[in-house]
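Counting from 0, one number per residue, gives the positions in the sequence shown under numbering that gives the first Met the number 0.
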Amino acid sequence: MKRRAVVALESGGTKLVASLTDERGEVLDHLRVARPVTNQAAQTLRQLIGMGRALRQRWEGEGWQVEGLGFGFGGLVRRCRQEAYLCLHEHGWEHVDARRELEGVFGVPVFIENDCKVAALAEAKRGAGRGAESMFYATIGTGVGGGFVVGGRIQSLHDGGEAEIGHLCAEVGGPSCGCGGRGCIEALCSGPGMWALGRHRFENAQAIFGAWEQGDSEATEIVERCAGHMARALGAVMALLHPRRIVLGGGVASGNPKYVDRIRELTNDLVVSYFRPEFDLRVAELGELVVSQGAALFALAQMEQRRSEPCLVVN
Ligand SMILES: [Zn+2]
């Protein structure tokens, strides 16, 4: 008897990833390419399809059967229609029907969700959120995104787009953001946003962290400014949602545990006093395939739900 597998696709800020997982969402194999700067949606989708097909071919020859596909999309998703429709760093998603194309090629049910939301799901089930009934996840990398998971399910309050911590305003009239606003958390605290604050002296955000750890005063000013913004945003998350745990992922957070320590310290002072004893902020555990794992777990949960409640709309 063939073993059940799922294909998981990711279109991130800097990379495209296709993975093949078993029916528990464990990644068996993956392919990864850097995202070319000039990419357009149709081209990205073609590339992802090619990578997914290559994995399927490789593993179906070994006795595995692909039964579903999850897509962790780096942009906004219209959940009810399962549409990937807006990406802030790539044009054209509004003109391609990703779900239909993927279903046409793979011949299996396709489930699309925002990349941060599925990463949150993976951390909640398999990573730093294990054991917490509710978990708010924020990723700090190329952008800043969020997801809220309660009882093992992504909390969806509307047709997609909730928990967008990256677009809270941190500095009125501050640097412009891809969303059209100014002074957003993402414009200041993402890797590129931080780097923009010290571009005249530092090679990238990581160089700022390196200089910070050496006690450089300008780097310290930038890191403190960003940590302060993150702390105020997370303090607000605690007041609004009171998650039992907060998990910070993405390259900027996962690669700089001392920065997460500083954010924790500053947030702790801002958390509503009666929630403070329960305040619990951790670094993500799952590493760079977190979106793949999450997209697969999301697809598997949706497939299970479809089997038991065939008429229910996604999520
Ligand atoms: Zn914004």
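Positions of the beta carbon are idealized from the N, C-alpha and C atoms, including for glycine.
The beta carbon of Q39 sits closer than 8 Å to those of E89, H90 and G91, all from its chain and outside the five residues before and after it, given in chain order. In the DSSP annotation of this structure, the continuous segment of the alpha helix (DSSP H) that includes V251 starts and ends at G250 to S253. Relative to the Cα of G248, the nearest Cα in the group E217, E284 and R261 belongs to E284. In the pairwise beta carbon analysis, the segment 178 to 190 is classified as touching the segment 140 to 149: at least three pairs are separated by under 8 Å. Contact annotation: A7 and L44 have beta-carbon atoms that are not nearer than 7 Å.
At a cut-off of 6 Å, the beta-carbon of G180 counts as near ligand 1: some heavy atom of the ligand is closer than that. Taking 7 Å as the cut-off, the Cβ atoms of S133 and R78 do not count as close. Burial check for T13: the Cβ neighbour count within 10 Å stays below 16, so the residue is exposed.
Not one heavy atom of ligand 1 lies closer than 6 Å to the C-beta of E163.
Runs of beta strand (DSSP E) with 3 or more residues, each lying fully within the segment 83 to 114, are found at 109 to 113, listed in chain order. The C-alpha of C183 lies about 41 Å from the C-alpha of R306. Remark: C-beta atoms of D114 and V290 approach each other more closely than 7 Å. By the Cβ criterion, the segment 116 to 131 is not in contact with the segment 265 to 278, since fewer than three pairs of Cβ atoms, one from each stretch, lie closer than 8 Å.
In the three-state DSSP reduction, K1 falls in the coil class, being neither helix nor strand. In this structure, I221 sits near G197, with a CB-CB distance shorter than 7 Å. Rounded to the nearest angstrom, the gap between the Cα atoms of S216 and S18 is 43 Å. Counted as a single uninterrupted DSSP element, the alpha helix (DSSP H) harbouring E59 occupies residues A40 to E59.
Counting C-beta pairs closer than 8 Å gives fewer than three between the segment 234 to 247 and the segment 202 to 213, which falls short of the contact rule. With at least 16 other beta carbons inside 10 angstroms of its own, V148 counts as buried. Between ligand 1 and C183, a heavy atom-to-CB distance of less than 6 Å is present. At least one heavy atom of ligand 1 sits closer than 6 Å to the Cβ of C176.
Per the C-alpha coordinates, the member of A218, R224, G67 and L47 positioned closest to L265 is R224. Sixteen is the threshold: when 16 or more other Cβ atoms of the shown chains lie within 10 Å of the Cβ of S10, as they do, the residue is buried.
Within the same chain, and ignoring the five residues on either side of K1 in sequence, the residues whose Cβ sits closer than 7 Å to its Cβ are G62, W63 and Q64.
Counting only residues of its own chain and dropping the five nearest sequence neighbours on each side, F201 has a CB closer than 8 Å to the CB of W194, I207, A210 and A218. Its chain contains L44 and I48 as the residues whose beta carbon lies nearer than 8 Å to that of E100, once the 5 sequence neighbours on both sides are disregarded; these appear in chain order. Proximity of the beta carbon of H157 to ligand 1 is not indicated: no heavy atom of the ligand is located closer than 6 Å. Excluding its 5 nearest sequence neighbours in each direction, V32 has C-beta neighbours in its own chain below 6 Å: L15, listed in chain order.
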